[in-house]
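Accompanying notes for the structure given below.
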Amino acid sequence: MVHHQGIANLFAACEQLKIRRVIHFSAIGVDRQTPSAFSETKLSGDKALMGRDLDWIILRPSVVIGRAAYGASALMRGLAALPALPVMPNTGQLQIVLLEDVVQTVQHFLEPGAPTRTIVELVGPHRHSFHEVIALIRRWYRWPPAREIRLPNFASSLMYKFGDMISLLGWRPPVRSTAEREIRRGAVGDLEDMRRLGLHPRGLPEFFASEPASVQERWFARMYLLKPAILIVLSLFWISTAFVSLGPGWGYGMGLMGEGGVEGASAALTVVAGALSDLVIGLAIAYRPTSRYGVYAAIAISFTYAIIGTILVPRLWADPLGPMLKIWPIIVLHFAALAVLEDR
Numbered sequence: 006m007v008h009h010q011g012i013a014n015l016f017a018a019c020e021q022l023k024i025r026r027v028i029h030f031s032a033i034g035v036d037r038q039t040p041s042a043f044s045e046t047k048l049s050g051d052k053a054l055m056g057r058d059l060d061w062i063i064l065r066p067s068v069v070i071g072r073a074a075y076g077a078s079a080l081m082r083g084l085a086a087l088p089a090l091p092v093m094p095n096t097g098q099l100q101i102v103l104l105e106d107v108v109q110t111v112q113h114f115l116e117p118g119a120p121t122r123t124i125v126e127l128v129g130p131h132r133h134s135f136h137e138v139i140a141l142i143r144r145w146y147r148w149p150p151a152r153e154i155r156l157p158n159f160a161s162s163l164m165y166k167f168g169d170m171i172s173l174l175g176w177r178p179p180v181r182s183t184a185e186r187e188i189r190r191g192a193v194g195d196l197e198d199m200r201r202l203g204l205h206p207r208g209l210p211e212f213f214a215s216e217p218a219s220v221q222e223r224w225f226a227r228m229y230l231l232k233p234a235i236l237i238v239l240s241l242f243w244i245s246t247a248f249v250s251l252g253p254g255w256g257y258g259m260g261l262m263g264e265g266g267v268e269g270a271s272a273a274l275t276v277v278a279g280a281l282s283d284l285v286i287g288l289a290i291a292y293r294p295t296s297r298y299g300v301y302a303a304i305a306i307s308f309t310y311a312i313i314g315t316i317l318v319p320r321l322w323a324d325p326l327g328p329m330l331k332i333w334p335i336i337v338l339h340f341a342a343l344a345v346l347e348d349r
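Written as structure tokens, this is what we have:
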């Protein structure tokens with residue numbers, strides 16, 4: 006809907022306001038195959054623009070890689086950090102285009118006298134398989150080649166479906182059913198479109214050779230897949246403590262309250278309130294719009310538990326299992342989650 010109706014309204018407004026030149030980013034291959042709703046709406050947006058009395062230019066880029074990490078390129082960097090690379094089945098070829106070449110193309114069409122009412126595919130000079138791109142990135146990081154593990158179809162399907170489930174919570178995982186269909190199609194095009202404009206895009210190996218990776222790229226790659234792992238673990242941790250407190254741990258919790266001098270209904274109310282707080286925090290962390298608030302609340306309640314535990318049952322600080330001491334690494338892990346929470 007956004008790629009079609011929203012963009013169609015924008016083009017209509019441009020026509021009414023006499024804004025003649027419109028440069029529109031579409032997606033490569035949508036005119037040849039539309040395996041997903043994403044491609045269909047992209048193509049609908051292209052047709053809406055071509056039907057207007059405007060000097061339009063439609064750019065259809067392949068997968069774009071630049072110095073900054075975002076979208077599919079961020080996923081590729083994260084996968085490159087794995088010691089064993091899971092190779093997805095049924096992946097198409099990729100003709101990676103560099104961000105600098107995309108920018109150069111836009112600058113070309115902003116020049117007076119540049120051609121209009123044209124469609125240009127933005128691609129690089131080389132075709133790579135998905136795992137070849139990952140191998141190039143690992144070489145850029147100066148890491149040895151990773152061992153490849155070829156996933157069966159059912160395993161990759163489960164990963165894509167898990168991504169669909171996560172997206173229902175407001176997150177934007179790069180691995181979803183839509184991505185599966187797009188990856189199967191691949192992203193290749195005709196380099197002659199750019200060469201006719203006098204543009205000569207560089208390939209991925211040339212880009213990596215001219216832009217050596219630094220520690221920040223390697224840190225990002227290693228943290229990319231740790232981020233969802235941290236958030237999933239924290240969410241499940243708080244949700245599970247809630248159910249344990251209300252279930253098998255009820256007697257233990259009531260015993261601790263009694264040891265601290267809190268008895269009867271007051272003790273039960275305190276245990277229930279703590280469990281419900283844990284449950285709300287876990288659900289808040291899992292839901293993207295409230296995740297930050299959930300992490301802040303988790304830090305606050307962890308300090309609260311430390312203070313209350315110190316007052317009521319100070320011997321817990323000397324417990325060999327370290328229930329009080331373990332609060333501190335948990336708090337630090339929440340601060341780590343805050344540090345990597347934003348995608349952009």
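For what it's worth, the numbering used here labels the leading residue of the sequence shown as 6, then goes sequentially.
We put the CB at the ideal spot given by N, CA and C, even for glycine.
Keep in mind it's a predicted model, so treat the numbers as computed, not measured.
{"Asked": "Simplified DSSP assignment, three categories, for residue 133", "Found": "strand"}
{"Asked": "Start and end residues, beta strand (DSSP E) containing residue 92", "Found": "89–92"}
{"Asked": "Whole-Å CB distance - residue 293 paired with residue 174, under 8 Å assumed", "Found": "6 Å"}
{"Asked": "Residue 47 burial status per 10 Å Cβ neighbour count (16 or more: buried)", "Found": "buried"}
{"Asked": "Burial state of residue 187 (16 or more Cβ within 10 Å)", "Found": "buried"}
{"Asked": "Inter-residue spacing [alpha-carbon to alpha-carbon] between residue 258 and residue 273", "Found": "9 Å"}
{"Asked": "Contained alpha helix (DSSP H) runs [length at least 4] in the stretch 228–265, N- to C-terminal order", "Found": "231–251, 255–264"}
{"Asked": "Contact belief for residue 3 with residue 193 at Cβ below 8 Å, rounded distance in angstroms", "Found": "Residue 3 is absent from the model: the chain starts at 6 and stops at 349."}
{"Asked": "8 Å Cβ cutoff met for residue 101 and residue 138", "Found": "yes"}
{"Asked": "Where the alpha helix (DSSP H) through residue 4 begins and ends", "Found": "In this structure the chain extends from 6 to 349, so residue 4 is not present and cannot be described."}
{"Asked": "Residue 154 - partner residues in DSSP beta bridges", "Found": "91"}
{"Asked": "Cross-strand partners of residue 126 (DSSP beta bridge)", "Found": "65"}
{"Asked": "Environment of residue 256 [buried if 16+ CB atoms lie within 10 Å]", "Found": "exposed"}
{"Asked": "Opening and closing residue of the alpha helix (DSSP H) in which residue 12 lies", "Found": "12–21"}
{"Asked": "Three-way DSSP call (helix, strand, coil) for residue 291 in this model", "Found": "helix"}
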